[in-house]
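Here the sequence shown is numbered in the working numbering, starting from 6 and rising by one per residue.
Heads up, the thing below is written out as structure tokens.
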Amino acid sequence: MLRTALRPRFLGLLALALVMGVVFIIAGRWQWSVAHDEARADAVREIQDRPVVALEDFMEPLEDFPDGGSGQRVTTTGEYTGDQVLVVGRLLKDQPGAWVLDRFVVAGTGANLAVVRGWIPKGEDPPPAPKGTIELLGSLAPKEAPDEGVGLADGEMTSVDIAKLVNVWPGEIYNGFAFALSEDGREQVEGVERVPPPLPDTSLQWRNAMYAFQWWLFAAFPLWMWTKMVRQAARRDLAAEAVESKEHVT
């Protein structure tokens, strides 16, 4: 079979099969990228299409975080208390830093809402939260995994651990937190950079993912056909050699 495969004709076909395979693999990777991009775009559209609602109408203190609540934009009124925590080890634009997490007391319920006001670079001091009554627009997120930081300074955590905050902040607390989008209509504030809320589900867009798998199957097909053609040619060669050998003996 090797002798047959090394014939110029089959070497040329092998080169063609490899080129086609590479082209199909590239097409599959492009479709895979499109599947991810469309999933992200769908998630963004889904969030933007949701109406902004009052926090008090959407969830209650101590209740479980609502299903599908991640990314929900809410408004509420209240005051920052000055109880500030740094959630360390957070990257923004590939730069190390920390989230500035403030305690916000909701006027309508008197309960605490953990609010990520923004991000600061590593080593910088956070600015104080504004005083007085604030109208907050935020994007909700479920609580994070328990804080497992060891050897941190006072006022530092590695996650937005609601179970830990409830033992530090007096009063009831919402079982989730918010990324501040604006305060009294101000989207940007001095001293911190707003943190883009993470997208909810950005799973694959399955139609394009299936197209990707199809292209990858197509990539294997030329090699399979080439192997089949070489085997068939090798069998014919062996059969011809057997007949020739038999005639020679006769």
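Just so you know, even glycine gets a beta-carbon here, dropped at the ideal spot from N, CA and C.
Here the structure is a predicted model, which is why all the values come from computation and not from measurement.
For residue i, which residues does DSSP report across the bridge?
i	result
Arg191	Glu188
Phe182	Ala119 and Ala146
Arg240	Answer is none; Arg240 lacks a bridge partner.
Arg34	In the DSSP output, where bridge partners are listed per residue, Arg34 has none listed.
Can residue i and residue j be called in contact, C-beta distance under 9 angstroms?
i	j	result
Gln89	Pro131	yes
Arg78	Val57	yes
Val110	Thr86	yes
Glu149	Asp166	yes
Trp124	Arg191	no
Leu118	Trp104	no
Ala116	Gly176	yes
Leu141	Ala168	no
Val173	Arg122	no
Ile178	Leu106	no
Arg95	Pro101	yes
Phe29	Ala224	yes
Just checking my contact of residue i with residue j at CB under 8 angstroms: how many whole Å lie between their CB atoms?
i	j	result
Val235	Thr163	That pair is no contact at about 59 angstroms.
Ser75	Leu145	7 angstroms
Glu61	Gly137	20 angstroms between Cβ atoms; not a contact.
Gly143	Val120	6 angstroms
For the ligand MG, is there any heavy atom lying closer than 8 angstroms to the beta carbon of residue i?
i	result
Pro132	Inclusion of the ligand MG in the displayed structure is not the case, the ligand content being empty and no account of it being possible.
Please classify residue i as buried or exposed, where buried requires at least 16 neighbouring CB atoms within 10 angstroms.
i	result
Met230	exposed
Pro227	buried
Leu222	exposed
Gly181	buried
Leu16	exposed
Ala158	exposed
Val197	buried
Could you give the uninterrupted runs of the alpha helix (DSSP H) lying entirely in the segment 86 to 170, keeping only those of 4 residues or more? The alpha helix (DSSP H) runs lying completely inside the segment 86 to 170 and spanning 4 residues or more are 167 to 170, given in chain order.
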